[in-house]
Amino acid sequence: MRALCLLAPLLAVGCIREPFPAETPARSPVAGPGYQWPPAVTYADGPEPGIPPVPPEAIPSATAAPAVFQPPPPPARFPTPMALPMPRVESQVPAGGSECIAKLGALGVNFERLDSRKGVETPVVVKGDLGGVRYVAGAGLPLELDCRMAVTLQEVGPLLRALGVSDLRFSGAYVYRMSRVGRLSYHAYGLAIDVHALRDAAGWHEVKTDFARGLPDGCAPSAPALNRVACELKRTGRFKEMLTPDYNADHHDHLHWGVAPLPQPDAPAPAAGQAALSLKRP
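Residue numbers (my numbering): 1341 to 1622.
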């Protein structure tokens, strides 16, 4: 028994020194010639598997200047349509009759002259864009109006395009009806149009929901698109009526643009109070 106890430590040492059957033999590195970074280490039985060799050009030189971080250039900034300078629009009132027809043709508008429309001096139907802006009727109706209104919309087209406008949706231009104050509306002369929405690069803007009421400066660059359009068109002086949702509840969903009729030489001049009243509502 005592002999067995004396043999136990020797047996334990032998078990510890016995190699594990699955252990992989150690690989002896062989130092490469000279010094370099990363160190070139090879093995007696070939290169280390799975590690590709480092190409010489990828090894930084000890004398090379340290690389200086260069931030990427900022993205190019292009002026938005709302930031472009507003083109000048002549404020002279267009003539009527055959002179207006000749001017509309010279401006390159695609239109046809109509035989007659009650209340309209020179009725035309426009079949294309006006000043590069497309006018789309909500009910698919043709754009019938007086030639003078067509000339006006053609000549303010560059201003609308500078504001980014590509399309306008309207509900009516020529409509023979009376106004609330008992006179003929400018629509009855074919000299008004009701615009309900406009489209620019950001999409459609509805007057009912996207016009900001009560702005101190509708022409400010930060103003909504609809406010800027109404304000800039009013600045041209081409429209006798430029009514928005700020005017009254009747215009909560559209912008009313109206060109004043030409004075009738044989018509009696209205009293001052009547004239002021006649311009209050379309």
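Glycine included, every Cβ here is placed at the ideal spot set by N, Cα and C. Quick caveat: nothing in here was measured; it's all calculated off a predicted structure.
Query, Result
"Coarse secondary structure for Y1475, derived from DSSP in three states", "strand"
"Reduced DSSP secondary structure (H/G/I, E/B, other) of V1466", "strand"
"Reduced DSSP category for D1550 - H, G, I as helix; E, B as strand; rest coil", "helix"
"Straight-line gap, A1468 to D1534 (C-alpha atoms, nearest Å)", "Looking at the sequence itself, residue 1468 is Gly, so the reference to Ala does not match. G1468 and D1534: Cα-Cα distance of roughly 18 angstroms."
"Rounded separation between H1536 and L1454 - CA only", "26 angstroms"
"Stretch pair the stretch 1511-1529 + the stretch 1477-1486: three plus CB contacts closer than 8 angstroms", "yes"
"Stretch-stretch touch, CB-based, cutoff 8 angstroms, three pairs: the stretch 1493-1500 with the stretch 1470-1481", "yes"
"R1517 - DSSP class collapsed to helix/strand/coil", "coil"
"Neighbourhood of F1418 by C-beta distance below 6 angstroms, restricted to the same chain and skipping five residues each side", "Residue placement at F1418 is flagged as unreliable, the pLDDT there being 34, under the threshold of 50; the coordinate-derived value follows with that caveat. Contacts found: none."
"Cβ shell of A1416 (< 8 angstroms), same chain only, five flanking positions each side left out", "With a pLDDT of 40 at A1416, under the threshold of 50, the modelled position of this residue cannot be trusted, and the question is left open."
"8 angstroms contact criterion, which Y1529 and G1459 should meet: CB distance rounded", "5 angstroms"
"Spatial distance of V1491 from L1503 (CA atoms)", "19 angstroms"
"Three-way DSSP call (helix, strand, coil) for E1452 in this model", "strand"
"Per-residue DSSP class, three states only, for L1583", "strand"
"Three-state secondary structure (DSSP) of E1461", "coil"
"Neighbourhood of D1590 by C-beta, 6 angstroms cutoff - its chain only, sequence neighbours within 5 removed", "none"
"Of the residues S1562, A1435, R1509, the one placed nearest A1479, counting alpha carbons only", "R1509"
"Whole-number beta carbon distance between L1500 and V1569, since they are thought to touch under 8 angstroms", "7 angstroms"
"Burial state of N1567 (16 or more Cβ within 10 Å)", "buried"
"CA-to-CA distance, L1555 to S1506, given in whole angstroms", "24 angstroms"
"D1557, buried or exposed, once every other Cβ within 10 Å from all chains shown has been counted against 16", "exposed"
"Opening and closing residue of the alpha helix (DSSP H) in which V1496 lies", "Note, V1496: premise wrong, no alpha helix (DSSP H); not H, not E."
"Spatial distance of P1622 from R1578 (CA atoms)", "Here the model assigns P1622 a pLDDT of 40, short of 50, so the residue's position is not dependable, and the following value carries that caveat. Cα-Cα distance, rounded: 16 angstroms."
"Own chain, CB closer than 7 angstroms to I1356, minus 5 neighbours either side, in chain order", "For I1356, the predicted model reports a pLDDT of 48, less than 50, meaning its position is unreliable and no value from the coordinates is stated."
"First through last residue of the beta strand (DSSP E) which encompasses G1598", "1595-1598"
"Whole-angstrom distance between M1518 and H1527, CA atom to CA atom", "9 angstroms"
"Closest Cα partner of L1477 within the set A1442, M1489, L1538", "The amino acid occupying residue 1477 in the given sequence is Ala; Leu does not appear at that position. Here the closest residue by C-alpha is L1538."
"Sheet register partners of I1441 (DSSP bridge)", "In the DSSP output, where bridge partners are listed per residue, I1441 has none listed."
"Neighbourhood of V1466 by C-beta distance below 6 angstroms, restricted to the same chain and skipping five residues each side", "F1451, L1483, A1490"
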